[in-house]
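Q: Numbering (this note's numbering), first residue to last: 20 to 848.
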Amino acid sequence: MDKNQELQWRETARWIKFEEDVEEDTDRWGKPHVASLSFRSLLELRKTISHGAVLLDLNQHTLPGIAHQVVEQMIISDQIKVEDRANVLRALLLKHRYVFFSCCMQSFIYPATLRYSQCLYTSLVLLHKLSSDVLSLLFSSKHELKLLEKIPENAEATVVLVGTVAFLEQPSMAFVRLQEAVLLESVLEVPVPVRFLFLLMGPPIANIDYHQIGRSISTLMSDKHFHEAAYLADERQDLLNAINSFLDCSIVLPPSEVGGEELLRSVARFQREMLHKREEQQGPIDKALQASFKPGDDPLRRSGHLFGGLISDAARRYPKYASDFRDALNPQCMAAIIFIYFAALSPAVTFGGLLGEKTGGLIGVSELIIATAMQGVIFSLLGAQPLLVVGFSGPLLVFEEAFYSFCNANHIEYLTGRVWIGFWLVLIVVIIVAFEGSFLVRFVSRFTQEIFSFLISLIFIYETFSKLGKIFQEHPLQRCYLVVGEPNTALLTLVLMSGTFFIAFYLRKFKNSAFFPGKLRRMIGDFGVPIAILIMVLVDYSIKDTYTQKLSVPTGFSVTSPEKRRWLIPPLGSDGQFPVWMMATSILPALLVFILIFMETQITTLIVSKKERMLLKGSGFHLDLFIIVAIGGVSALFGLPWLAAATVRSVTHANALTVMSKAVAPGDKPRIHEVKEQRVTGFLVALFVGLSIVIGDLLRQIPIAVLFGIFLYMGVMSLNGIQLTERMLLLLMPPKYHPDHTYVRKVRTLRMHLFTGIQLVCLAALWTVMSTVASLAFPFVLILTVPIKWFLLPRIFTTREMQCLDADDAEPKFDEREGQDEYTEMVPT
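1. Helix, strand or coil: how does DSSP classify M192 here?
2. Using the three-state DSSP reduction, which class does W48 fall into: helix, strand or coil?
3. DSSP puts D21 in a beta bridge; with which residues?
4. Report, in whole angstroms, the separation of the C-beta atoms of L635 and E696, which I expect to be a contact under 8 Å.
5. With respect to the alpha helix (DSSP H) encompassing T435, which residues constitute its N-terminal and C-terminal limits?
6. Compare the Cα-Cα distances from E30 to each of F702, A796, E39 and report the closest residue.
7. Report buried or exposed for R214, applying the criterion of at least 16 other Cβ atoms within 10 angstroms of its Cβ.
8. In terms of DSSP beta bridges, what is P722 paired with?
9. Does the Cβ-Cβ distance between I388 and G701 come in under 8 Å?
10. Between S241 and F37, what straight-line distance do the alpha-carbon atoms span, to the nearest angstrom?
11. Note down the Cα distance separating F546 from F534, rounded to an integer number of angstroms.
12. Determine the direct distance from the alpha carbon of F194 to that of I99, and round the result to whole angstroms.
13. For F479, which of R668, S342, G375 has the nearest alpha-carbon?
14. Under 7 Å Cβ to Cβ from A649, same chain only, skipping five residues before and after it: list those, please.
15. Return yes when the Cβ of G233 is within less than 8 Å of the Cβ of V178, no when it is not.
16. So, at 8 Å on beta carbons, what are the nonlocal neighbours of S532 in its own chain, with the 5 sequence-adjacent residues on each side left out?
17. May I ask you to list the residues that DSSP assigns as paired with G734?
18. Count the other CB atoms within 10 Å of the CB of E419; is the residue buried (16 or more) or exposed (fewer)?
19. Taking just the CA atoms, how far does I691 sit from E188?
20. Looking at C-alpha atoms only, which residue of H115, L750, F398 is the closest neighbour of E897?
21. Quickly, what does DSSP pair R116 with across the bridge? List them, please.
22. Looking only at its chain, what residues have a beta carbon closer than 7 Å to the beta carbon of A86, apart from the 5 residues adjacent to it on each side?
23. Which of the three DSSP states, helix, strand or coil, is assigned to E208?
24. Could you compute how far the alpha carbon of L824 sits from the alpha carbon of I616?
25. May I have the straight-line CA-CA distance separating L434 from F797, to the nearest angstrom?
26. From F289 to T768, what distance separates their C-alpha atoms?
27. Identify the continuous alpha helix (DSSP H) that holds G371 and give its terminal residues.
28. Helix or strand or just coil, what does DSSP make of L197?
29. In the structure shown, what three-state DSSP assignment does G221 receive?
30. Mark W600 as exposed unless 16 or more other C-beta atoms lie within 10 angstroms of its C-beta, in which case mark it buried.
31. Leaving out the 5 sequence neighbours to the left and right, which residues in its chain are closer than 8 Å to R437 when beta-carbon positions are compared?
32. Just to confirm before moving on: does the CB-CB distance between A403 and D317 stay below 8 Å?
33. In terms of alpha-carbon separation, which member of S794, L773, L795 lies closest to E820?
34. Using the Cα positions of Q256 and I95, report the straight-line distance between them to the nearest angstrom.
35. Straight-line CA distance for T369 to L557?
36. Report the start-end ranges of each alpha helix (DSSP H) in the segment 451 to 538 that is 4 residues or longer and not cut off at the edges.
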């Protein structure tokens, strides 16, 4: 009853994914939670459906039309008397009281096929034209918009009406599936088409709990398997079978005083087992789902023709070239440009300094900045996967140092030797691409990918603390007396580095916190790294009496050591006497360089293009490899370093361009909505890196410690999502605290630790080789991890264990179906 003692429908709960209830005292929505049901209510629901009215594919488009059909079917099924027709019809058409002036009855909303964007527009126009109680209407539209953001773009609803009426003698039920989803005026709090209706009314003296039965059907409809069965049901028995299947996977907790974490663990474990059995039983619905997806074009499929893969990559990717510029018109892309600019400049400067030390100044910061800019611009314009960031890396630094030492020991001109390596590189990549050699990346399994990714991240972290350690050696800690405090360079460097890292790290986490409105929170998270850089630069600028090493940027486009070299490197040497035998044998170091570039570029492409990112425009392994290696080979003529697709920077770039879905059910975790696949961010980042020489005076005010912080941030963040990292942490945990992962549930703990140990041994071997005089052999040692996986591990682990530990989709991070367009009308998400 309302305040005028008139009957009405009052909203009490809703399901978008989890249950939300209206709090009686405050008349507002409570927190989303997993619905818990009584076993009796489920049995009563099954009983009512078995005896009630079931109308499937009802062809009605208005609430009065639906109500008339429901009442007639209730009379036919002897649930109500003929004389009750008017009263039941009047009850079905009663007005509704909404939370926040505009809400619904109990409802469940889930994705389907009909769009509601036009309906939203119409609703807002009506609100704008209404003149009475404008403030209330504006308040209503605000909450309507807020809820619409949580609902997927294509949505349909189930309306559940339950209540007691004095004029009925027994409970009466109707389950309705409309032939087409329709908008029912004043039924839902948001304009979403309704496909299902459930009605249960009866006398208050009946020995059933109407509200709990309503919660039961609402929870059932929020279950993926049940509402799929409801879509495909041909008769009443199909619904009853779906309820039985739901009961098979439900848990009944006997009355007990045991509670807390122990109860939760036992319940979660038991439920996992039952859900796993349900997933293994692939029914017709699952087959229908699978049939609705079309396999994408495999970029590694061999055509059998010369340069077939290269031609396929270009034919697949270049038709989307115009959209690569349109899709960049987004504020998130601007944030990514600022962040990735520093993420690209930092390694160029840091690795450039290291390269200068290890090559006697022949290749340094200037060359690396120019190479990063030039090759980055070309690749961003021509590459098949513009999310890749081309840059220098630790393994290439190891090779440059080893080759420089070899040339010095044999009295060979280092830069001229690199020219011939470049010539051979071009020839090698032409041959490999011609015969579609990129298909070999299929043999680079997760085992090798994780080792290589972890190694790259480890190099970033190691170099950060290595440079910090050198600063502590050059500027040792000084004593602080009672009166006069002595400036301390090393300590301030540590503060600036740590401050940059922690500010960037926590601002990223702040993006998913509960503070501030969502848009402001996302903006702060997207600009977290630039904010961290700005804050710590201002901190350094405000401290006048302490010296800190600043960013070293060359003045103008000059080589690092003008007294030792020029821009163009003569292929026959400075004296024209470069040995012929070295020209020929340069093919061996060229193979090593090619292996490094091949492995890093192709593994990076695999990581960036993982299906959970849901990239839509595809990748091109052959085309990207050809562009990167060919440009690098020609660059050797100018004494520029070779570059590859940098794993950490590329993953960071993809993460910065990832847009999380706003259509997230209250209480649910955000999912990837899309990735801004475009060329503008990569192009501008490379261009700005090159122009850094022009604004050198400004960049020279940035402390090198701030770049250390970015280095550390990229290294640490890139470790996230690597299964090897997670399993290494499990080595330190008792088994009872292990998380619920596939490789934990299906592989014995000691066997899992053995697999982790083998990967750590391979990682240690790579690090050892990289750190010794045998560093030239590093690429070959890296390649050896491939046969270890294919020939050694199958002798140690079973096929099932390998599938759990090494499969590419062993631990999907996101729902693979999210964001796809291949759904049919009968198969909702």
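Here a beta-carbon is modelled for each residue, glycine too, at the ideal position from N, C-alpha and C.
Note that the structure is predicted; figures quoted are calculated from it, not measured.
A: With the given structure in hand:
1. It is a strand residue.
2. In the structure shown, W48 falls within a strand segment according to DSSP collapsed to helix, strand and coil.
3. DSSP lists no partner for D21.
4. 7 Å between Cβ atoms; contact.
5. First-last of the alpha helix (DSSP H) with T435: 433 to 453.
6. The shortest Cα separation from E30 among F702, A796, E39 belongs to E39.
7. With a 10 Å radius around the Cβ and a threshold of 16 neighbouring Cβ atoms, R214 comes out buried.
8. Its beta-bridge partners are K569.
9. By the CB criterion at 8 Å, I388 and G701 fall outside the cutoff.
10. Inter-residue distance for S241 and F37 is about 8 Å (C-alpha atoms, whole angstroms).
11. Distance between the alpha carbons of F546 and F534 is about 16 Å.
12. Looking at the backbone, the Cα of I99 and that of F194 are separated by about 15 Å.
13. Checked all of R668, S342, G375; the closest Cα to F479 is R668.
14. Once the five neighbours on either side are set aside, the close Cβ partners of A649 are V445, V448.
15. It is not a contact, given that the beta carbons lie outside the stated cut-off.
16. Short of 8 Å from the beta carbon of S532, and not among the five residues preceding or following it, lie these beta carbons of its own chain, in chain order: R540.
17. Looking at the DSSP assignment, G734 forms no beta bridge with any residue, so it has no partner.
18. So E419 ends up on the buried side.
19. So the two alpha carbons sit approximately 51 Å from each other.
20. The first residue shown for the chain is 20 and the last is 848, placing residue 897 beyond what the model contains.
21. R116 is bridged to R29.
22. Taken in chain order, the residues that qualify are L108, L111, L112.
23. E208 falls in the coil class under three-state DSSP.
24. Taking the straight line from one Cα to the other gives about 27 Å.
25. Cα-Cα distance, rounded: 21 Å.
26. Using only the alpha carbons, I get a separation of about 19 Å.
27. Its alpha helix (DSSP H) spans residues 350 to 377.
28. Strand.
29. Strand, per DSSP.
30. Answer is exposed; the Cβ neighbour count stays below 16.
31. Cβ neighbours of R437 beyond the five flanking positions: F422, I588, A655, G658.
32. With contacts defined as CB atoms closer than 8 Å, A403 and D317 fail to qualify as a contacting pair.
33. Per the C-alpha coordinates, the member of S794, L773, L795 positioned closest to E820 is L773.
34. Going from the Cα of Q256 to the Cα of I95 covers about 19 Å.
35. CA-to-CA, the gap between T369 and L557 works out to about 21 Å.
36. Note on the segment 451 to 538: whole alpha helix (DSSP H) runs with a minimum of 4 residues are 465 to 493, 508 to 529, in chain order.
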